[in-house]
Amino acid sequence: MGATSLSRDQARRIAVRAQRFGPPTTAEAERGDAKDAAAQTIDRLGYVQIDTIAVVERAHHHTLWTRSQGYEPQLLHDLQAVDRRVFEYWAHAIAVLPMTDYRFYLRRMERHRTSDRAWLSEWRTQHTDTLAHVLERIRREGALTSKDFEPPPGTKRGTWWDWKPAKRALEVLFWQGDLMISERRNFQKLYDLTERVLPPGVDVRRPSSDEMARHHVRRVLGAHGLAQVREIAASLRIATRPEIERAVAELERAGEIVPLRIEGLDEVHYAEPAILEAADRPPVDRAVLLSPFDNLIIQRDRVERLFEFSYTLECYLPAAKRKSGYFVFPILWRDRLIGRLDPKADRRSKTLLVRSLLFEPNFDRFDDALPALADALASFARFNGCRAVAFDRITPTGHKRRIKTLVRRALAA
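Heads up: the sequence shown runs through residues 4 to 416, numbered per this note's numbering.
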């Protein structure tokens, strides 16, 4: 059976729909449970990346808010600390993951435990007592933070009283699965014994390599709709590239996934057959401000190939070298990335500062897009506790007055 051919527009519609940017399903709308919707979003995406930057609401909350109506940051805390439906661990970066996927990260934990990487092996040898002490304190006292290992005032530093090795020990014990993040308080991680965090009945059977790879492929295609083998391998990182290649071949033979040819792209993509119906559905008429760590855009090379949008996060560059701004959000409208926006929430004045709003040079559908963008900006301002939106630079300049007017109306609505 030959590969299905898709236009670039059809491929983008599939990718956007798979990321839960469509309207809520009838069941979700009837249930109206924002916490359950957030849990379903994490399950659908496979992970949500956690990030520390707080010029606006943090990335993990933003990612969930864009997809879950009624989402509030407290809901993620409850899913992790109370309901135990999610846990923290490494995907491509530190992330919130579905608790049902815990077993698929056991091999990665084991690799950390047995790693012969020089720095880690040497560190373990030098800090065996620190590791044992940290583990014993948590076993005896319950969940602790890194601050609980700071020395009392006036204590001479040395041996395990040096809090820096203790902090590293917490992370090493977390990496290798002895500890889990029980919860976060004011973004501070509380570490506890794994057996006290895992909920009753969670599956802890170690999957085979084949099972791991099939799960990896299904997770990525479920989240992204369609992907090349190299894109599948770059996400989650729980199976190796050879394992993924074998799994893709097996799933294709079984008819669980199908090959695709996308206009203008050389490499074969793969998708689950059911998602292909989204190719001919009209795009959802909304604008979304995407966090730099949003799942849709985290693979920058994929974004450039599929959306023809070149994007680099510039917050790590010196200010003089930034072209778009500090913490720039790509703007998704329907099934296209039409521009980029550099926001900052001034919490004292309750104003969302738009330091720059730059539309792509080839974009010209302003009459259609600006009302949706104004709604997105007003909603984002409210999510950040802001009552007003102030603009600095807008390019092209001819639309500045209309954007301001539309945003004011959206905020007043």
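A virtual CB, placed ideally from N, CA and C, is assigned to each residue, including glycine.
query: Any idea what DSSP makes of T7, helix, strand or coil?
result: As a first step, residue 7 must be located in the sequence shown, where it is residue number 4. In the three-state scheme derived from DSSP, where H, G and I count as helix and E and B as strand, T7 is classed as strand.
- prompt: Can you give the Cα-Cα distance for P364 and K403, rounded to whole angstroms?
  reply: Taking the sequence shown and counting its residues from 1, the one referred to as residue 364 is at position 361. Taking the sequence shown and counting its residues from 1, the one referred to as residue 403 is at position 400. Rounded to the nearest whole angstrom, the C-alpha separation of P364 and K403 is 16 Å.
query: What does a CB cutoff of less than 6 Å around F332 pick up in its chain, not counting 5 residues either side in sequence?
result: As a working mapping, residue 332 is identified with position 329 in the sequence shown. So the list reads L292, L293 and L344, once near-sequence residues are dropped.
- prompt: Taking just the CA atoms, how far does S359 sit from V306?
  reply: As a first step, residue 306 is located in the sequence shown; it is residue number 303 there, counting from the start. As a first step, residue 359 is located in the sequence shown; it is residue number 356 there, counting from the start. The alpha-carbon atoms of V306 and S359 are separated by roughly 21 Å.
task: Note down, in chain order, each residue of its chain lying with its Cβ closer than 6 Å to the Cβ of P276, except the 5 sequence neighbours on either side.
output: Working through the sequence shown from its first residue, we reach residue 276 at position 273. Taken in chain order, the residues that qualify are V261.
- prompt: Can you tell which of T131, R405 and A84 has the C-alpha that lies nearest to the C-alpha of R188?
  reply: Locating residue 188 in the sequence shown gives position 185, where the first residue counts as 1. Among T131, R405 and A84, the Cα nearest to that of R188 belongs to A84.
query: Does DSSP classify K407 as helix, strand or coil?
result: Taking the first residue of the sequence shown as 1, we reach residue 407 at position 404. Correct three-state label for K407: helix.
message: Quick check on this structure: which residue in F330, S71, G180 and H136 has the alpha carbon closest to the alpha carbon of A40?
response: Along the sequence shown, one-based indexing puts residue 40 at 37. Ranking the options by Cα distance to A40, first place goes to S71.
task: Would you tell me roughly how many angstroms separate the C-alpha atoms of R308 and Q231, rounded to the nearest one?
output: Taking the first residue of the sequence shown as position 1, residue 308 is located at position 305. Taking the first residue of the sequence shown as position 1, residue 231 is located at position 228. Whole-angstrom Cα-Cα distance: 11 Å.
message: Less than 8 Å between the beta carbons of I53 and H63, yes or no?
response: Taking the first residue of the sequence shown as position 1, residue 53 is located at position 50. Taking the first residue of the sequence shown as position 1, residue 63 is located at position 60. Less than 8 Å divides the Cβ of I53 from the Cβ of H63.
task: Please name the residue, chosen from A257, A98 and R390, that lies closest to L239 on a Cα-to-Cα basis.
output: By one-based count along the sequence shown, residue 239 stands at place 236. Closest option to L239, Cα to Cα, is A98.
task: Inspect the beta-carbon positions of E248 and Q302 and report whether they are closer than 8 Å.
output: In the sequence shown, the residue the question calls residue 248 occupies position 245. In the sequence shown, the residue the question calls residue 302 occupies position 299. No, the Cβ-Cβ distance between E248 and Q302 is not below 8 Å.
query: Thinking C-beta only, is L254 closer than 8 Å to A18?
result: Position 15 of the sequence shown holds residue 18. Position 251 of the sequence shown holds residue 254. Their beta carbons are not under 8 Å apart, which means A18 does not touch L254 by this criterion.
query: What are the start and end residues of the beta strand (DSSP E) that includes R396?
result: Position 393 of the sequence shown holds residue 396. Unbroken beta strand (DSSP E) run through R396: A391 to T398.
Backbone CA spacing between L109 and G180 [nearest angstrom]: Your numbering for residue 109 matches position 106 in the sequence shown. Your numbering for residue 180 matches position 177 in the sequence shown. Straight-line measurement puts the Cα of G180 at about 8 Å from the Cα of L109.
field: N-terminal and C-terminal residue of the alpha helix (DSSP H) that A384 is part of
entry: Stepping through the sequence shown from its first residue, residue 384 is reached at position 381. Its alpha helix (DSSP H) spans residues F369 to F386.
query: Is it right to say D288 is buried, meaning 16 or more other beta carbons lie within 10 angstroms of its own, or is it exposed?
result: The sequence position of residue 288 within the sequence shown is 285, counting from 1. Counting C-beta atoms within 10 angstroms of its own C-beta, D288 has fewer than 16 neighbours from the protein chains shown and is therefore classed as exposed.
- prompt: Leaving out five residues before and five after F296 in sequence, what residues of the same chain have Cβ atoms less than 6 Å from its Cβ?
  reply: The count along the sequence shown starts at 1 and reaches residue 296 at position 293. Residues Q52, D54 and A62 of the same chain have their beta carbon placed closer than 6 Å to that of F296, with the five preceding and five following residues left out of the count.
query: For L109, which residues does DSSP report across the bridge?
result: To locate residue 109, count along the sequence shown from 1; it is residue 106. Within the DSSP secondary-structure output, L109 pairs in no beta bridge.
- request: Please confirm if the segment 258-273 is in contact with the segment 5-16, defined as three or more CB-CB distances below 8 Å between the two stretches.
  value: A contact exists between the segment 258-273 and the segment 5-16.
- prompt: In the DSSP assignment, what are the bridge partners of R264?
  reply: On the sequence shown, residue 264 is found 261 positions in, with the first residue counted as 1. According to DSSP, R264 bridges with S8.
- request: Evaluate F190 with the Cβ neighbour count: other Cβ atoms within 10 Å of its Cβ, from every protein chain shown; 16 or more gives buried, anything less gives exposed.
  value: Your numbering for residue 190 matches position 187 in the sequence shown. By the Cβ neighbour-count rule, F190 is exposed, with fewer than 16 other Cβ atoms within 10 Å of its own.
query: Bridge partners of P346, per DSSP?
result: What you label residue 346 is simply residue 343 of the sequence shown in a count that begins at 1. For P346, which the question treats as bridged, DSSP gives the partners V357.
- prompt: Run through DSSP, which three-state label would F412 get?
  reply: Residue mapping note: residue 412 aligns to position 409 of the sequence shown, counting from 1. As written in the sequence, residue 412 is Arg, which differs from the Phe given in the question. Residue state, collapsed to three classes: helix.
- prompt: Under a three-way DSSP split, which group does Q191 fall into?
  reply: One-based indexing of the sequence shown puts residue 191 at position 188. Secondary structure of Q191 (DSSP, three-state): strand.
- prompt: Can you tell me whether DSSP reads W178 as helix, strand or coil?
  reply: Counted from its first residue, the sequence shown places residue 178 at position 175. DSSP places W178 in helix when its eight states are reduced to three.
field: CA nearest to the CA of K192, picked from F152, L134, L147 and E214
entry: Position 189 of the sequence shown, counted from the first residue, corresponds to residue 192. With distances taken between CA atoms, K192 lies nearest to L147 out of F152, L134, L147 and E214.
R221 versus Y105 - alpha carbon distance: Here residue 221 refers to the residue found at position 218 of the sequence shown. Here residue 105 refers to the residue found at position 102 of the sequence shown. Going from the Cα of R221 to the Cα of Y105 covers about 16 Å.
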